[in-house]
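Trainee:
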Amino acid sequence: MIEVSRETRERLEVFAALLEKWNARINLVSPRDMPHLWERHIADSLRLVPFITRGSRVIDLGSGGGFPALMIGIACDAEMVMVESDQRKCAFLREAARACGVKAQAVSRRIEQAELPPAPYVTARALASLSQLLEWSAPFLLPGGKALFLKGKNLPDELTEAERCWHMQHRILDNRAASGGAIIEISDIKRVE
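Residue numbers for the sequence shown follow numbering that gives the first Met the number 0, beginning at 0 and rising by one.
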């Protein structure tokens with residue numbers, strides 16, 4: 000896990016306790032993942048923090064249980080816009096943001112129906128194929144903005160597929176060979192004509 004301040008650690012602990020409480024009522028995280036919450040979800044989401052400018056506005060797609068949105072909000076003091084279609088999960092996101100002192104807005108809409116001003120960053124984790132993420136994120140990025148996606152071991156195949164439909168600049172920022180996971184940063188997204 001990246002190094003965080005004592006205050007940030009305390010806010011992450013508030014989040015973890017709240018998630019555990021809510022998870023008993025709505026499925027935010029798989030029950031089998033709860034014993035590994037810190038390493039599988041919190042630490043994994045915090046991997047994005049070094050690549051986001053502190054205090055930036057970030058749109059997170061499919062925010063679900065708050066990963067990576069609330070981890071970024073807590074650790075980067077970012078202004079988070081969390082797009083989540085499930086109203087129960089949006090209620091959790093609002094409560095968790097309030098409890099953790101995160102500047103955040105939870106938008107209860109399907110991603111393709113959300114109307115939001117563009118932001119410098121768009122993030123997502125465990126949501127969809129890279130091609131689909133590009134389709135969803137392109138309208139939400141400011142010129143010069145960056146999409147940051149936590150992807151699994153299928154990233155090379157997803158990238159090949161996405162390049163058939165999209166022109167983009169990309170680079171792999173954090174590759175975890177053991178787990179097969181990586182962070183991909185994408186900018187200058189344009190659909191192939």
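In this text, a Cβ means the ideal position worked out from N, Cα and C, and glycines have one as well.
On a predicted model such as this, the values are computed, not experimentally measured, just so you know.
Does the distance from the CB of Leu-129 to the CB of Leu-149 come in under 8 angstroms?
Mentor: Here residue 129 refers to the residue found at position 130 of the sequence shown. Here residue 149 refers to the residue found at position 150 of the sequence shown. For Leu-129 and Leu-149, no; Cβs fall outside 8 angstroms.
Trainee: Between Arg-56 and Val-80, how many whole angstroms is the CB-CB distance? I'm expecting something under 8 angstroms.
Mentor: The residue labelled residue 56 in the question sits at position 57 within the sequence shown. The residue labelled residue 80 in the question sits at position 81 within the sequence shown. The pair is a contact, with the Cβ atoms about 7 angstroms apart (cut-off 8 angstroms).
Trainee: Please state whether DSSP places Leu-45 in a helix, a strand or coil.
Mentor: On the sequence shown, residue 45 is found 46 positions in, with the first residue counted as 1. Here Leu-45 sits in helix by DSSP.
Trainee: Would you call the stretch 118-137 and the stretch 94-108 touching, i.e. three or more CB-CB distances under 8 angstroms?
Mentor: No: fewer than three Cβ pairs fall under 8 angstroms.
Trainee: Between Val-121 and Ile-58, which are expected to be in contact by the criterion C-beta below 8 angstroms, what is the C-beta distance as a whole number of angstroms?
Mentor: To locate residue 121, count along the sequence shown from 1; it is residue 122. To locate residue 58, count along the sequence shown from 1; it is residue 59. The pair is a contact, with the Cβ atoms about 5 angstroms apart (cut-off 8 angstroms).
Trainee: How long is the line joining the alpha carbons of Ile-182 and Pro-119, rounded to whole angstroms?
Mentor: The count along the sequence shown starts at 1 and reaches residue 182 at position 183. The count along the sequence shown starts at 1 and reaches residue 119 at position 120. Going from the Cα of Ile-182 to the Cα of Pro-119 covers about 17 angstroms.
Trainee: Check whether the Cβ atoms of Trp-135 and Phe-91 sit closer than 8 angstroms, and answer yes or no.
Mentor: Locating residue 135 in the sequence shown gives position 136, counting from the first residue. Locating residue 91 in the sequence shown gives position 92, counting from the first residue. The answer is no: Cβ separation not under 8 angstroms.
Trainee: State the start and end residues of the unbroken alpha helix (DSSP H) segment that holds Val-13.
Mentor: Indexing the sequence shown from 1 puts residue 13 at position 14. Val-13 -> alpha helix (DSSP H) spans 5-22.
Trainee: Per DSSP, what kind of secondary structure is Ala-74 in: helix, strand or coil?
Mentor: For this step, residue 74 is matched to residue 75 along the sequence shown. Of the three classes helix, strand and coil, the one that applies to Ala-74 here is helix, per DSSP.
Trainee: Consult DSSP for Ser-55 and reduce its assignment to one of helix, strand or coil.
Mentor: Position 56 of the sequence shown holds residue 55. If DSSP states are grouped into helix, strand and coil, Ser-55 belongs with coil.
Trainee: Taking all protein chains shown into account, decide if Thr-52 is buried (16 or more other Cβ within 10 angstroms of its Cβ) or exposed.
Mentor: Position 53 of the sequence shown holds residue 52. By the 10 Å Cβ count, Thr-52 comes out exposed.
Trainee: For the alpha helix (DSSP H) holding Ser-136, just list the boundary residues, first then last.
Mentor: Your numbering for residue 136 matches position 137 in the sequence shown. Run containing Ser-136: 129-136, per the alpha helix (DSSP H) assignment.
Trainee: Keeping to the same chain, check which residues put their C-beta closer than 7 angstroms to that of Thr-7; ignore five residues upstream and five downstream.
Mentor: Reading the sequence shown from its first residue, position 8 is the one you call residue 7. Around Thr-7: Ile-73 and Ala-74.
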